[in-house]
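**Q**
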């Protein structure tokens, strides 16, 4: 775990550098533009559609009965807004992760490698097409699995842990590929993904524990007032971008250091096996 902690310290130091803060603006503006327009045009129609479906299929009677048994009868007027939030949240997270992977991770890789690993050879084992495929595929699976875990919001601690587990899987899969794409060969990436899996999942899980909080806070704020719905959504997007930025830096530092150590095992005297502090 020493390598995980060293990478965390380096990522924390880089997170608040001017360059990284400016970099976070690109995926943030893309996400805000996409979801700002989507909610402006589609939020009320979505709420109306969900309300109609609940009315047609007796959803209000069933939900009122269930909430009554749980002693949460005062939430019956919030059922439709909460369902809308629950449907939109995984899509917003997935889009933020996708923008980070495509737009920000290449810049993070250049920043980290240029500053701390300038002598590390580049073997270009990944590609933009490969990155796009793994980003799109993984975020789609993440969003689908998130939807299946929606009932867990009735038990916030359990929802937090399950969603953190989903984050651990998707971030370790997506960000590890992007972190190693430029420097590792395909064979080296496979070796590192296998031998470093516990550490990669640990980084993803810790990031996920923090990443699940904005969604729970968003749901809680919606219970207080539907008026807060759009505001909390946009604030959550900003929080997700910052969390993804830190996670991207953490994975990048860890993966490149692990690559340095892997090459040192096979080529101890190789001049490109060192890293600067």
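Residue numbers (this note's numbering): 26 to 302.
Glycine included, each C-beta is placed from N, C-alpha and C at the ideal position.
In its own chain, which residues sit with a C-beta less than 6 Å from the C-beta of residue 150, not counting the 5 before and 5 after it?
**A** Taken in chain order, the residues that qualify are 209, 210, 211 and 214.
**Q** Report the residue from 117, 221, 182 and 167 whose alpha carbon sits nearest the alpha carbon of residue 58.
**A** 117
**Q** Can you confirm whether the stretch 40 to 54 touches the stretch 124 to 131 when touching is taken to mean that 3 or more C-beta pairs between the two stretches lie within less than 8 Å?
**A** yes
**Q** Within a Cβ cutoff of 6 Å, which residues of the same chain sit near residue 31, ignoring the five residues on either side of it in sequence?
**A** Taken in chain order, the list of residues that qualify is empty.
**Q** Can you find the residues in the same chain that come closer than 7 Å, C-beta to C-beta, to residue 216, ignoring five residues on each side of it along the sequence?
**A** The answer, listed in chain order, is 287.
**Q** Quick check: the stretch 264 to 272 against the stretch 220 to 233, are there 3 or more CB pairs under 8 Å?
**A** yes
**Q** What are the boundary residues of the alpha helix (DSSP H) that includes residue 208?
**A** Element bounds for residue 208: n/a, residue is neither H nor E.
**Q** Can you tell me which of the three DSSP states residue 173 falls into?
**A** helix
**Q** Give me the Cβ distance between residue 108 and residue 284, rounded to the nearest whole Å; I'm assuming they're in contact under 8 Å.
**A** Their Cβ separation, rounded to whole angstroms, is 45 Å, which puts residue 108 and residue 284 out of contact at 8 Å.
**Q** Counting only the same chain and skipping the five closest in sequence on each side, list residues whose C-beta sits under 7 Å from that of residue 267.
**A** 49
**Q** Residue 221 by DSSP, collapsed to three states: which one?
**A** Of the three classes helix, strand and coil, the one that applies to residue 221 here is coil, per DSSP.
**Q** Compute the distance between the beta-carbons of residue 196 and residue 233, then report whether it is under 8 Å.
**A** Using a Cβ distance threshold of 8 Å, residue 196 and residue 233 count as a contacting pair.
**Q** Take residue 40 as the anchor and find which of 133, 60, 128 and 183 has the nearest alpha-carbon.
**A** Of the candidates 133, 60, 128 and 183, the one whose C-alpha sits nearest the C-alpha of residue 40 is 133.
**Q** Are the CB atoms of residue 277 and residue 204 nearer to each other than 8 Å?
**A** Contact flag set, yes.
**Q** Taking all protein chains shown into account, do 16 or more other C-beta atoms lie within 10 angstroms of the C-beta of residue 192, making it buried, or fewer, making it exposed?
**A** buried
**Q** Can you tell me which of the three DSSP states residue 115 falls into?
**A** helix
**Q** Kindly indicate which residue of 112, 28, 201 and 42 has the alpha-carbon position closest to the one of residue 219.
**A** It is 201.
**Q** Rounding to the nearest angstrom, what Cα-Cα distance links residue 6 and residue 184 in this structure?
**A** Residue 6 lies beyond the residue range present for the chain, which begins at 26 and ends at 302; the question has no answer from this structure.
**Q** Using only alpha-carbon positions, find the residue among 163, 171 and 131 that is nearest to residue 152.
**A** 131
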